[in-house]
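Chemist: The structure that follows is given in the form of structure tokens.
In our numbering, the protein residues as written are 4 to 465.
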């Protein structure tokens, strides 16, 4: 997701151990006109229609395993708005960019001759404009392909991603837990033996790392074990709540270390420098190297699984903390004594800022912030192309509810249509939307006109 609250949040992707269940779509055996629409409600390519004539331009596929395959074919049934005709090949995008570059170059040359701008600045500006134009068409292609992809394909891709990441998820979580237990003991020895406040800061952070791993494991098990009578909407939000609790716990520990460091600065020291303890420094260096390896391992999965993202952020913070802690501890023992407590204060404040920043975006997910534009576009397109009985779309809402989304769609149908037909169309659309990855629940409301006031309003007072 592209918005800031999704980029910085740590629980907007489902765990591979909690795959979204695809509701099986079984047409009802009713004498309803809506039943004849199943073949025309796909949002994109139907494999059974591969033999139909090609009616639009196709895009080139760069994947080696798909070379030689026939291009996708779109028909008025699966592409009623002819979006596929707007797809541009790589050659067309390059041609448009070259045309724009030549046009800008000619105008820039005339301006440079008149003494308005230098040639070097014009060349850079033309290059940037050309790249922006290429990026626009590439993004447009991605959006069109995503909307034309059938819902079943979205679900299949999400399931494949979850199954492929399951083993790496276990290695990341359990490997991080085992490493953090060993490193917490190692850094506890280093802090106590040296007496350095900077190393005490790194030690406090290291001790709470296994607690964070344990919290993630327990939250994952709790999400997968749900009593539908007690929690009818599931327990996915417990993951976000657990992340917020951990953020405030780490912030509280940082404030305690700030208090100890300030007290040491106030009391002062008789010696110009502190004592140097080599084994303690070696212990923290070992922790730094281990965290670096875990950081690199979790890097590839940080945007796919929320639990791995919080581990990646924790390893990133630990790298900064351990590295800066080593410098200030050695500086306090070799240069000036006050470098050590001052470094501990800086580290503690930095830890607090990082975790409070994470907690803020987790709160945004719990409050219910609007989904990103791409997701809203996909939901709108699926609703528009679901059935020809839908004459208009009144409202589309998608907002967060913890790590997943709640969707509200108001569709417009013929007022003379039977209750059975309207019910079946709305229910089928609801099942289709709920099968999308990251969608927890969808609500479909049927209306017969769009001139009325909104059905829902914001309650500002109880």
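Glycine is no exception: its CB is placed at the ideal position from the N, C-alpha and C atoms. Computed from a predicted structure; not experimentally measured.
1) In terms of DSSP beta bridges, what is residue 373 paired with?
2) Let me confirm a value: residue 291 is counted as buried when at least 16 other C-beta atoms fall within 10 Å, else exposed. Which label applies?
3) Do residue 401 and residue 415 come within 9 Å of each other at the CB atom, strictly closer than that value?
4) Quick one: what's got a C-beta closer than 8 Å to residue 258's C-beta in the same chain, skipping five residues either side?
5) Whole beta strand (DSSP E) runs in the region 402-449 with 3 or more residues, listed along the chain?
6) Considering only residues of the same chain and omitting the five flanking positions on each side of residue 373, which have a CB-CB separation below 6 Å?
7) For residue 393, which residues does DSSP report across the bridge?
8) Is residue 170 helix, strand or coil when you go by DSSP?
9) What does the alpha-carbon distance come out to for the pair residue 404 and residue 375?
10) Let me know the secondary structure DSSP gives residue 457 once reduced to three states.
11) Could you pull out every residue in the same chain whose Cβ sits closer than 8 Å to the Cβ of residue 446, ignoring the five residues on either side in sequence?
12) Here's a check: name, in chain order, each residue in its chain whose Cβ is nearer than 7 Å to the Cβ of residue 157, leaving out the five neighbours to either side.
13) Might you give, ordered along the chain, the residues of its own chain that have their beta carbon closer than 8 Å to the beta carbon of residue 322, omitting 5 neighbours on each side?
14) Confirm, please, whether the CB-CB distance from residue 320 to residue 358 is below 9 Å.
15) Just to confirm, are residue 256 and residue 193 a CB contact at a threshold of 9 Å?
16) By the 10 Å Cβ neighbour count, where 16 or more other Cβ atoms means buried, how is residue 365 classified, buried or exposed?
17) Between residue 147 and residue 239, which are expected to be in contact by the criterion C-beta below 8 Å, what is the C-beta distance as a whole number of angstroms?
18) Does DSSP classify residue 95 as helix, strand or coil?
19) Which residues bound the alpha helix (DSSP H) around residue 229?
20) Looking only at its own chain, which residues have a Cβ that is under 8 Å from the Cβ of residue 247, when we skip the five neighbours before and after it?
21) Report the option in 161, 280 and 94 whose CA atom is closest to the CA atom of residue 337.
22) Determine, using beta carbons only, whether residue 189 and residue 333 come nearer to each other than 9 Å.
23) What is the rounded straight-line gap between the Cα of residue 33 and the Cα of residue 161?
24) Could you check if residue 205 is buried or exposed, using at least 16 other CB atoms within 10 Å of its CB as the buried criterion?
25) Helix or strand or just coil, what does DSSP make of residue 85?
26) Given residue 315, which residues of its chain have a CB within under 6 Å of its CB, disregarding the five upstream and five downstream residues?
27) With DSSP collapsed to three states, give me the class of residue 79.
28) Report the three-state DSSP secondary structure of residue 182 (helix, strand or coil).
29) Residue range of the alpha helix (DSSP H) that residue 249 falls in?
30) With distances taken from CA atoms, which of 272, 143, 176 and 82 is nearest residue 377?
31) Enumerate in chain order the residues of its own chain whose CB-to-CB distance from residue 448 is below 6 Å, with the five nearest sequence positions on each side excluded.
32) Look at the alpha carbon of residue 458 and the alpha carbon of residue 317, and state the distance between them as a whole number of angstroms.
33) Where do the ends of the alpha helix (DSSP H) carrying residue 282 lie?
34) Are the CB atoms of residue 186 and residue 212 within a distance shorter than 9 Å?
35) Between the C-alpha atoms of residue 100 and residue 141, what's the straight-line distance to the nearest angstrom?
36) Per DSSP, what kind of secondary structure is residue 199 in: helix, strand or coil?
Modeler: If we stick to the structure as given:
1) 402
2) buried
3) no
4) 351 and 355
5) Counting only runs of 3+ residues, the beta strand (DSSP E) found wholly inside the region 402-449 occupies 407-416, in chain order.
6) Within the same chain, Cβ atoms closer than 6 Å to the Cβ of residue 373 are found at 402, the five residues on either side in sequence being excluded.
7) 416
8) It is helical.
9) 14 Å
10) It is coil, neither helix nor strand.
11) 409, 410, 411, 412 and 433
12) 439 and 440
13) 291, 294, 295 and 298
14) yes
15) no
16) buried
17) Incorrect: roughly 31 Å between the Cβ atoms, too far for contact.
18) It is helical.
19) Note, residue 229: premise wrong, no alpha helix (DSSP H); not H, not E.
20) 362, 365, 366 and 369
21) 280
22) Residue 333 sits away from residue 189, with the two beta carbons spaced by 9 Å or more.
23) Annotation note: pLDDT 41 at residue 33 (below 50); position unreliable, coordinate value reported separately. About 33 Å.
24) buried
25) coil
26) Cβ neighbours of residue 315 beyond the five flanking positions: 301 and 305.
27) coil
28) helix
29) 240-270
30) 143
31) 413
32) Going by C-alpha positions, residue 458 is about 44 Å away from residue 317.
33) Boundaries of the alpha helix (DSSP H) around residue 282: 281-302.
34) yes
35) 12 Å
36) coil
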